[in-house]
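Enquirer: Residue numbers (the numbering used here): 112 to 490.
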Ligand SMILES: *Cc1c(COP(=O)(O)O)cnc(C)c1O
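(1) Note the first and the last residue of the continuous alpha helix (DSSP H) segment covering residue 360.
(2) Please determine whether the Cβ atom of residue 272 lies at a distance below 8 Å from any heavy atom of ligand 1.
(3) Once DSSP output is grouped into helix, strand and coil, what is the label at residue 278?
(4) Measure the Cβ-Cβ separation of residue 530 and residue 189 and say whether it is below 9 Å.
(5) Please look up how many angstroms separate the CB atoms of residue 312 and residue 285, rounded, as I've assumed it's under 8 Å.
(6) Could you round the C-beta distance between residue 200 and residue 170 to whole angstroms and report it? I think they count as a contact, below 8 Å.
(7) With hydrogens ignored, establish whether the beta-carbon of residue 240 is closer than 8 Å to any heavy atom of ligand 1.
(8) Determine which residues share a DSSP beta bridge with residue 412 and list them.
(9) DSSP state of residue 341, grouped into three classes?
(10) Using the DSSP secondary-structure output, state which residues sit across from residue 423 in a beta bridge.
(11) On the DSSP bridge list, what partners appear for residue 163?
(12) Assuming residue 142 contacts residue 341 under a Cβ cut-off of 8 Å, what Cβ separation, rounded to an integer in Å, is found between them?
(13) If you measure between the beta carbons of residue 236 and residue 309, is that distance less than 9 Å?
(14) For residue 372, which residues in the same chain have their Cβ closer than 7 Å to its Cβ, ignoring the five residues on either side in sequence?
(15) For a test of your reading of the model: does the CB of residue 205 fall under 8 Å from any non-hydrogen atom of ligand 1? Yes or no.
(16) Could you spell out where the alpha helix (DSSP H) holding residue 193 opens and where it closes?
(17) So residue 209 is in the beta strand (DSSP E); what residue range does that whole segment cover?
(18) Using a 10 Å radius around the Cβ and a threshold of 16 neighbouring Cβ atoms, would you call residue 95 buried or exposed?
(19) Can you find the residues in the same chain that come closer than 6 Å, C-beta to C-beta, to residue 282, ignoring five residues on each side of it along the sequence?
(20) Would you mind sorting residue 336 into buried or exposed? The rule is 16 or more other CB atoms within 10 Å of its CB.
(21) Here's the rule I'm using: 16 or more other beta-carbon atoms within 10 Å means buried, otherwise exposed. How should residue 436 be labelled?
(22) Can you tell me whether residue 400 is helix, strand or coil according to DSSP?
(23) Which word fits residue 484, buried or exposed, when buried means at least 16 other C-beta atoms lie within 10 angstroms of its C-beta?
(24) I'd like the list of long-range same chain contacts for residue 322, defined as Cβ closer than 8 Å, with 5 residues on each side in sequence excluded.
(25) Quick one: grab the DSSP three-state call for residue 248.
(26) Exposed or buried, what is residue 404 when buried is set at 16 or more other beta-carbons lying within 10 Å of its beta-carbon?
(27) Which first and last residues belong to the beta strand (DSSP E) in which residue 237 is found?
(28) Out of 393, 381, 300, 219, which has the shortest C-alpha to C-alpha gap to residue 360?
(29) Following a CB-centred definition, is residue 292 positioned closer than 8 Å to any heavy atom of ligand 3?
(30) From residue 296 to residue 487, what does the alpha carbon distance come to, in whole angstroms?
So this is what it looks like as structure tokens:
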């Protein structure tokens with residue numbers, strides 16, 4: 112058996128990315144410098160918003176957005192349980208209450224009908240996620256937000272390069288965020304950004320990311336509570352260089368997704384990831400699902416089988432409302448979001464990155480088919 116390891120993820124670093132970082136180091140200006148400004152301008156331009164505030168993580172960006180909207184104790188924010196934990200944690204940072212609305216079983220993004228049902232007198236905002244790169248149903252969410260006079264936030268950490276009818280993800284609602292951890296479409300090592308058209312929000316986020324300084328920073332005037340969420344110049348330069356490659360990266364990842372689509376097409380009982388027909392999908396990960404007749408135990412045995420064969424794989428997302436900390440602090444539990452729970456027990460994230468070899472995709476498909484056959488025959 113061939114068990115040469117196939118990693119779950121890989122970042123796409125180009126020779127000019129490495130040069131960009133080396134140049135910053137040679138310049139001796141490692142923080143608060145021109146690369147941060149350039150990165151912000153390039154991001155705002157690419158996504159199509161007036162402002163980008165580059166920070167040290169996507170989680171920091173989410174925190175700044177929540178705080179700048181004045182969301183705090185007593186407020187509720189409706190959000191998806193099918194996401195990376197940061198999209199819920201940012202609500203908890205400010206003492207507000209996340210209210211989980213179930214997901215659409217096709218797109219895996221928050222279901223606008225469930226959002227509508229979750230709205231109450233304390234609802235302050237909706238925080239939706241472009242899950243795995245698939246755009247959330249922004250037109251429906253915008254209509255709900257407008258009707259109820261509440262804010263809408265676009266967590267687009269997984270969807271840089273995706274769009275809905277030509278409008279890029281990250282630009283929906285009052286503010287959006289991006290993340291640049293190494294598994295994302297582009298990376299800065301650690302990093303993130305707030306995106307907004309709102310001048311005041313831009314100024315507020317910028318100040319809070321920099322110790323609450325007034326914009327006239329010559330006097331080191333601290334006019335509000337702030338944090339150190341600044342990105343450094345090496346990361347910002349890497350971001351500028353990586354963003355210069357975004358279109359090739361999106362295309363190469365789309366090619367990898369088509370390869371999987373063709374290779375996995377014949378496998379009975381496997382649901383392939385959703386693709387948008389209303390815009391462009393920038394693929395973050397490649398997550399398939401086993402059928403409802405199989406249990407979580409079967410999924411976990413398949414994951415173990417793939418790992419035994421040297422194939423990197425993952426079980427995301429585990430529903431956020433079932434995470435131990437959320438259960439303890441909010442008293443959430445099974446039954447709250449049944450669609451998310453059913454799907455969360457059956458996902459298998461497969462090795463996915465630009466330039467994955469066709470022979471590796473073949474090997475993943477064969478092993479997956481064998482393991483599914485074994486499960487079906489009750490072996
Ligand atoms: C990656 C990610 C973030 C940001 O994560 P950081 O590691 O803090 O950069 C936020 N939300 C979602 C949905 C993500 O996938």
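All C-beta atoms in this analysis are idealised placements derived from N, C-alpha and C, irrespective of residue type, glycine included.
Expert: Let's see:
(1) 357 to 375
(2) no
(3) strand
(4) Examination of residue 530 is not possible in this model, given that the chain is present from 112 through 490 alone.
(5) 7 Å
(6) 7 Å
(7) yes
(8) Partner(s): none; residue 412 has no beta bridge.
(9) Here residue 341 sits in strand by DSSP.
(10) In DSSP, residue 423 forms no bridge with anything.
(11) Partner(s): 306.
(12) 7 Å
(13) no
(14) 383
(15) No, Cβ of residue 205 sits at least 8 Å from all heavy atoms of ligand 1.
(16) First-last for residue 193: undefined, no H or E at that position.
(17) 208 to 211
(18) For the chain, the structure presents residues 112 to 490; residue 95 sits outside this window and is missing.
(19) 158, 159, 160
(20) exposed
(21) Per the 10 Å Cβ criterion, exposed.
(22) strand
(23) It is exposed - the Cβ of residue 484 has fewer than 16 other Cβ atoms within 10 Å.
(24) 333, 337, 338, 339
(25) coil
(26) exposed
(27) Going by DSSP, residue 237 is part of the beta strand (DSSP E) stretching over 234 to 240.
(28) 393
(29) Of the ligands one can find in the structure shown, namely ligand 1, none is ligand 3.
(30) 36 Å
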